[in-house]
Every structure is written in structure tokens, then in C-alpha cells.
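Chains as they are written, first to last, in full-length UniProt numbering: chain A, 1 to 297; chain B, 1 to 296.
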Amino acid sequence: MKFMNGNRKRYLTGIFFIAPISIIIFTFLLLPILQTMYYSFTDWRGVGEYSFIGLKNYINIFNDSSFKYSLLLTIYVGLSIAFLTNVIGLTFALVLDQALKTKNILRTILYLPNVIPIVVAAFVWRYILDYNNGLANKFFSTFSSESIHIPWIDSPDYVVPTIIMISTWQMIGPVMIVYLAALQGVPLDLIEAAKIDGASKVKRFLNVTLPMIAPGITVNILIGLANGIRIFDLPYALTGGGPAGASETLAIKIYRYAFQSTELSYGMAASFIMTLVALVITLLFVSLSRRYERNVM
Amino acid sequence: MYSNSTTQKTEANRIKHKKNRLKMLKKPSFEIVVIIFVLLFSIPIYLIIINTFKTHDRILKAPLSLPDFSVGFQNIVEAFQRMDIVKSYLVTFSISAIALVSMIVLSSLAAYAIVRMSGKIFKAAYWVFLSCILMPVQAAFIPLIFILKHFDLYNNIFGISLVYIAILSPFCIFMYSGFIRGIPIELEEAAIMEGCSTLRLFFQIIFPLLKPITATLIIMQFIYIWNDLLLPLVILNGSDYPTVSIGLYKFFGSKGNVDLNLLFGGIALVLLPVVTVFLFLQKYLIKGLASGSIKG
């Protein structure tokens with residue numbers, strides 16, 4: 001009986017432990033998102049009376065080609081950033097895990113882009129990628145007889161890859177650090193054993209190293225997707241969503257609906273779709289990589 | 001400390017193996033190639049550093065050349081006078097301090113309960129927190145502003161801090177729970193036997209063990225808050241509470257490309273505190289991650 005009481009007390013203490021943060025997360029994140037969902041089925045304009053209009057906002061929004069473009073763009077950018085940061089971050093981590101004399105300072109340098117405010121990064125990159133006088137175009141021109149002018153930021157065809165490139169540059173640091181940490185948990189005896197068994201370098205990586213760092217992959221996919229799908233600051237500061245809406249991600253579009261238009265409930269339908277996309281993609285990838293973790297352990 | 005005996009063994013093995021590796025070190029050319037790659041990667045950073053010490057004309061004509069130091073710290077001083085940077089520092093530091101302290105304490109408490117208490121509610125809480133990591137805060141904006149206004153927290157430092165806590169804590173809880181899973185439970189059992197309350201047990205035994213991962217989270221989330229543009233743009237009035245990002249964004253907007261030397265001075269001012277914090281704490285980054293949370 002006494003034991004039961006102790007357990008009950010512990011249970012209540014547990015509730016007391018998770019209560020404060022749950023209240024804050026509920027009030028300032030979940031509740032407003034639920035309200036967004038609620039209003040997306042109405043014709044609310046921010047003030048006054050409103051009535052329910054069913055799925056009308058959603059039907060309108062899927063007939064809006066600029067919204068469909070933003071939706072696909074966001075998914076594309078999110079997946080590309082998650083993929084590239086992981087591949088490049090893991091490569092750098094593997095390289096820096098070697099016995100290099102300069103590895104500590106190289107690690108710091110690789111992390112620095114993440115420390116720089118995106119507003120600053122956008123400014124410096126705009127300066128480097130300038131159509132007429134940018135360093136990048138000048139650099140490429142030295143390899144060619146005529147001067148090369150690549151419209152990195154000024155053309156709708158180039159702006160998306162440019163944004164993916166800059167964002168990847170920015171996110172390499174944290175992803176690489178997570179992989180470096182994960183690599184420290186890989187027992188070298190295992191790798192040596194595989195070596196003695198005659199496994200090739202590639203085989204050793206795929207069959208020994210990769211499974212051991214699987215939890216790191218989950219964390220990194222989460223970091224990559226979180227930043228890719230919600231990307232706002234970079235395109236906003238770099239191009240303002242342009243040229244001609246080519247880099248208008250969902251986050252920017254929703255910001256516009258909310259603060260630069262009167263179609264509030266329409267914007268809320270868009271917001272709710274974005275929430276669903278973020279949720280589905282994340283849970284899908286996390287459960288996939290969790291399953292991989294379980295299979296290999 | 002307790003779970004580390006195996007880690008130490010692996011660590012010792014690693015050092016032994018590394019020494020072997022060092023002996024048969026691949027040609028130093030490998031390292032040089034790596035260094036060249038990293039240097040190419042960091043050209044934007046190089047640009048910021050050198051152009052802080054150049055005149056407008058020199059920046060335009062020879063952006064990549066080394067400065068002759070004739071301007072000294074003039075660019076930084078001038079930007080300092082024009083940007084009202086002290087106010088920006090104070091505002092951003094206050095927000096970061098309030099948000100980080102509450103976030104660390106509350107998330108670690110919640111993670112502890114999730115890992116150590118049995119009951120469906122804790123399992124459910126874990127999944128709710130996990131799915132909150134990816135919730136786009138943009139989707140919450142309009143109702144969020146109404147909620148903040150209702151509590152008199154709109155255009156208020158506490159208000160924006162609470163929103164940061166709400167959006168950044170889920171990731172902290174995720175990392176903390178991974179870490180706490182690696183702490184052997186025997187420690188706590190002994191304390192419970194002696195009748196130690198769970199709250200005291202947490203702060204006296206568990207929380208000190210969380211130091212490495214706490215340092216990692218502080219670095220990551222401090223950088224996020226310091227650099228964030230979106231929330232201050234939406235929740236704060238830029239002239240009442242100019243955060244560092246907002247101040248810089250306005251500074252860029254008003255100057256355009258006219259005074260490049262001033263711009264680079266301003267950039268240096270914004271970077272100084274966050275880079276300093278990063279350089280001081282960075283040695284904990286890998287330590288914090290390696291000692292648990294990402295070993296699943």
C-alpha cells in the first residue's frame with residue numbers, strides 16, 4: 001500500500017514536471033494553429049462577424065496556380081536542403097574525423113556560416129553573386145575568353161538552386177557536428193575487424209559505420225527538413241520572394257496573406273496546408289530512419 | 001561520469017588507432033586539399049572580415065584584397081554611432097536570456113518525466129512534443145497575435161520570449177530525453193530509497209549531469225534567437241524593440257549599397273557577440289552531442 005502511494009506521488013510529480021512547458025507550448029503554438037484550422041473553414045477577415053463556408057477556401061486555394069507553385073517549391077527546397085546538408089555534412093565529418101593537424105580550426109570555420117545572421121549572409125551572397133560585378137561571375141570569366149554573366153539571383157531559373165546552395169552552406173555546420181559526435185561512438189575495433197576480414201573501404205562504411213551513426217541521421221534529417229520546409233529569412237532577405245515570385249516559399253506566401261492582404265481566412269487555409277505538409281513529411285522520414293535504426297541494431 | 005567507462009575505453013582505443021593511423025599518414029597533400037576546400041567554402045566570411053577594415057572605394061575596386069589598415073576601426077565606430085546598437089544588444093540579450101533559462105529548465109524537467117515516469121500520458125506527451133518540432137510558427141501568426149494581445153504580451157519582451165520557448169523547447173526535449181536515457185537509473189534508486197524528493201533528486205543529481213548537452217542546446221538556440229528575423233518582425237514594434245536582426249535589416253534597407261564601409265562595420269557589430277559566445281562554448285558542442293543524445 002505504501003508502495004502504491006509512492007508510485008502515485010511520483011506520477012503526480014511527473015505531471016507537475018511536464019505541465020509548465022506543455023502549457024506554454026499549447027498556448028503559444030498549438031492553440032493558435034488549431035484556431036488557424038478553425039478559421040480556415042470560415043470567411044473571417046480579422047474583425048467582426050464570420051460564417052462557415054466549408055471547404056471553399058481550400059477549393060479556391062488549389063485553383064490558385066501561384067499557391068500550387070509555392071507548395072511544390074517548398075517541398076522541393078525542403079527535400080533538397082535535407083539531402084544536400086546530409087551528404088556534404090557527412091562527407092566533411094568523415095574527412096575531419098581523420099588524423100588531420102588542422103581539424104579543430106577547420107571544424108570551427110565550417111560552423112561559422114551558421115553563426116552569421118541570415119540577413120548578413122544574404123547581403124554578402126548578393127554581393128558575391130551580383131550579375132555585373134559579382135565575384136562569382138568574375139571568377140568564372142577568367143576561365144573563358146568572353147565575360148560570363150550568370151543571373152544567379154536575377155533569373156527565375158537560377159534563383160531556386162542559388163537559395164538551396166546558400167541555405168546548404170549555412171546548415172552544414174550543425175549537421176557536420178552531429179555526425180562528428182556520432183562517429184565518436186563508432187568503435188574502431190569493429191572497423192579494424194572488418195578490415196581484417198577483407199571488407200573494402202566502401203563496404204566498411206556502408207556495413208559498419210553507417211548503421212552505427214543511424215541515430216545521427218534521424219536528428220540531421222529533422223534539422224534539414226525543419227529548416228528547409230520553414231525557410232523564410234533567406235529568400236525574404238535575398239530576393240523578397242522574387243524575381244516574379246520564383247522564390248516565394250510557403251512561409252513567405254503565408255506571411256504575405258497574413259500581413260499584406262485582407263483575405264485572412266484564405267491565408268489560414270494555406271497555413272494549415274503548410275502545417276500538414278511539414279507534419280506528414282517529418283513523421284514519414286523520422287519513422288523511416290527510426291525503422292532503419294531498429295533494423296541495424 | 002558513470003556511463004562513461006565504456007566510452008573511455010573506446011576513446012583510448014581510438015587514440016591508439018589514431019596514432020597508428022598517424023604513422024602511416026596519407027600524404028600531407030590530402031590535408032592540403034581539405035584546407036583548400038574549406039577556404040573556398042569560407043570566402044563569404046573572409047569578405048566580411050577584411051572589408052570591415054577598408055574604405056568604400058577599396059571595397060568596390062578590390063573586394064578580395066587585404067586591407068592596408070588606414071581606416072583602422074573607423075567603420076565599426078561609425079556604424080556604432082549610427083545604429084543604436086547598444087539598445088539592440090540589450091533587447092536581444094534580454095530576450096535570449098529569458099527564453100534560454102526557462103527553456104533549459106522546463107525542457108529538461110519535462111524530458112526527465114517523459115523518460116523516467118511510466119504512464120501513457122508521458123508517452124503521448126513525447127509524441128506531441130516530437131511533432132511540435134516541425135510546426136511552422138507562420139501557421140500560427142494571426143491567432144497568436146490575438147492571444148498575445150489578450151494577455152498584454154504583444155510588443156513585449158516577455159511575450160516574444162514565451163513564443164521562442166514554445167517553438168524551440170520541443171527540440172530541446174527531444175535531445176534531453178535521448179541524453180537522460182543514457183544515465184543509469186541506479187543512481188536515482190539509491191536517492192529515492194533515502195527519501196529524497198523527486199524535484200531535489202532532479203536538481204541535485206540529474207541536472208548537473210546534463211551540462212554537456214545543455215551547453216550544446218544553449219549554443220544552437222542562442223544563435224537561432226540572435227539571428228531570427230521573422231518573430232521580431234511580427235511580434236515586436238521595430239522602433240520600440242529593435243532586435244539586432246531588425247536593426248541590421250533596417251540599416252541595410254535605408255543605406256542600400258551606398259556606404260559599403262558602414263555596412264561592413266554594422267555587420268561586424270552584429271557578429272561580434274554571437275561569434276564570441278560561439279568560440280567560447282564551441283568545445284562543448286561535440287562533447288554534448290557525443291555523450292548521449294544521438295546514440296539513440
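Positions of the beta carbon are idealized from the N, C-alpha and C atoms, including for glycine.
So, residue i versus residue j, is the Cβ gap smaller than 8 Å?
i                      : j                      : result
residue 85 of chain A  : residue 172 of chain A : yes
residue 267 of chain A : residue 258 of chain A : yes
residue 282 of chain B : residue 111 of chain A : yes
residue 133 of chain B : residue 179 of chain B : no
residue 253 of chain A : residue 70 of chain A  : yes
residue 309 of chain A : residue 118 of chain A : Nothing can be reported for residue 309 of chain A, as the shown portion of chain A is limited to 1 through 297.
residue 218 of chain A : residue 289 of chain A : yes
residue 89 of chain A  : residue 220 of chain A : yes
residue 205 of chain B : residue 215 of chain B : no
residue 157 of chain B : residue 232 of chain B : no
residue 165 of chain B : residue 245 of chain B : no
residue 52 of chain B  : residue 226 of chain B : no
residue 162 of chain B : residue 83 of chain A  : no
residue 49 of chain B  : residue 261 of chain B : no
residue 164 of chain A : residue 281 of chain A : no
residue 213 of chain B : residue 175 of chain B : yes
residue 166 of chain A : residue 121 of chain A : yes
residue 34 of chain B  : residue 55 of chain B  : no
residue 54 of chain A  : residue 122 of chain B : no
residue 125 of chain B : residue 18 of chain A  : yes
residue 39 of chain A  : residue 265 of chain A : yes
residue 207 of chain A : residue 214 of chain A : no
residue 100 of chain A : residue 31 of chain B  : yes
residue 175 of chain A : residue 223 of chain A : yes
residue 230 of chain B : residue 232 of chain A : yes
Mind pulling the chain A residues with CB within less than 8 Å of residue i?
i                      : result
residue 31 of chain B  : 100, 101, 102
residue 249 of chain B : 119, 237
residue 114 of chain B : 18
residue 135 of chain B : 29, 30, 33, 275, 278, 279
residue 184 of chain B : Correct list: empty, because the minimum Cβ distance to chain A is about 17 Å.
residue 170 of chain B : 25
Name the chain A residues that come within less than 9 Å of residue i, Cβ to Cβ?
i                      : result
residue 221 of chain B : Those within 9 Å of residue 221 of chain B in chain A number zero; the least Cβ separation is about 11 Å.
residue 83 of chain B  : Residues of chain A passing the Cβ test: none, with the nearest at roughly 13 Å.
residue 193 of chain B : Near residue 193 of chain B there are no residues of chain A at all, since even the closest Cβ is about 11 Å away, more than 9 Å.
Taking DSSP's pairing of strands, which residues face residue i in a bridge?
i                     : result
residue 52 of chain A : A/42
List, in chain order, every chain B residue whose beta-carbon is nearer than 9 Å to that of residue i.
i                      : result
residue 128 of chain A : 43, 44, 47, 63
residue 233 of chain A : 227, 228, 229, 230, 245
residue 307 of chain A : Here chain A has residues from 1 to 297 only, and residue 307 of chain A is not among them.
residue 225 of chain A : 134
So which residues on chain B does residue i lean against when the C-beta distance must stay under 8 Å?
i                      : result
residue 79 of chain A  : Within 8 Å Cβ-Cβ: nothing; residue 79 of chain A doesn't reach chain B, min ~14 Å.
residue 114 of chain A : 223
residue 111 of chain A : 278, 282, 285
Closer than 7 Å by beta-carbon distance: list the chain A residues that pair up with residue i, in chain order.
i                      : result
residue 156 of chain B : Correct list: empty, because the minimum Cβ distance to chain A is about 13 Å.
residue 278 of chain B : 115
residue 162 of chain B : 24, 28
residue 290 of chain B : 181, 184, 185
Using a cut-off of 7 Å between C-beta atoms, extract the partners of residue i located in chain B.
i                      : result
residue 161 of chain A : Near residue 161 of chain A there are no residues of chain B at all, since even the closest Cβ is about 17 Å away, more than 7 Å.
Any beta carbon from chain E within less than 8 Å of residue i's own beta carbon?
i                     : result
residue 75 of chain A : Among the chains of the structure shown, chain E does not appear; the protein chains present are A and B.
Exercise for the section: Specify whether the region 238-251 of chain A and the region 159-167 of chain A touch according to this definition: at least 3 beta carbon pairs, one from each stretch, less than 8 Å apart. Expected result: The region 238-251 of chain A, when compared against the region 159-167 of chain A, does touch it at the 8 Å Cβ threshold.
Exercise for the section: Could you say if the region 89-108 of chain A and the region 171-188 of chain A meet the contact criterion of at least three C-beta pairs nearer than 8 Å? Expected result: Because the criterion of three Cβ pairs below 8 Å is met, the region 89-108 of chain A and the region 171-188 of chain A touch.
Practice task
Can you give me, in chain order, the residues of the region 179-201 of chain A that have a beta carbon less than 8 Å from any beta carbon in chain B?
Solution key: Closer than 8 Å at the C-beta level to chain B, one finds these residues of the region 179-201 of chain A: 180, 181, 182, 184, 185, 187, 188, 189, 192.
Exercise for the section: Would you be able to state if there are at least three C-beta pairs under 8 Å between the region 98-115 of chain B and the region 123-130 of chain B? Expected result: Short answer: they touch.
Handout entry: the region 74-85 of chain B touching the region 141-152 of chain B, judged by at least three CB pairs closer than 8 Å
Key = The region 141-152 of chain B and the region 74-85 of chain B do not touch, with fewer than three beta-carbon pairs separated by less than 8 Å.
Practice task
Anything in the region 255-271 of chain A with a Cβ closer than 8 Å to a Cβ of chain B? List those residues in chain order, please.
Solution key: Identification of residues in the region 255-271 of chain A having a C-beta nearer than 8 Å to some C-beta of chain B yields 255, 258, 259, 264, 267, 268, 271, given in sequence order.
Exercise for the section: Select from the region 196-208 of chain B all residues with a C-beta closer than 9 Å to any C-beta belonging to chain A, and list them in chain order. Expected result: Answer in chain order: 197, 198, 199, 202.
Exercise for the section: Evaluate the contact criterion for the region 133-147 of chain A versus the region 186-195 of chain A: three or more CB pairs, one atom per stretch, below 8 Å. Expected result: Put simply, the region 133-147 of chain A does not touch the region 186-195 of chain A. Fewer than three CB pairs are less than 8 Å apart.
Problem - the region 117-136 of chain A / the region 43-55 of chain A touching (three or more Cβ pairs under 8 Å) - result: Flag = no, the region 117-136 of chain A and the region 43-55 of chain A do not touch.
Exercise for the section: Could you run through the region 94-106 of chain B and flag, in chain order, every residue whose CB is less than 7 Å away from some CB of chain A? Expected result: Only 106 from the region 94-106 of chain B bring a Cβ to less than 7 Å from some Cβ of chain A.
Practice task
Would you check if the region 81-88 of chain B and the region 237-244 of chain B touch, i.e. whether three or more CB-CB distances between them fall below 8 Å?
Solution key: Touching, yes, given that three or more Cβ pairs across the two stretches are closer than 8 Å.
Practice task
With 8 Å as the C-beta to C-beta threshold (strictly closer), list the residues of the region 42-58 of chain A near chain B in chain order.
Solution key: Here the close residues are 46.
Problem - Contact residues within the region 83-98 of chain A, judged by C-beta distance below 7 Å to chain B - result: The residues in question are 95.
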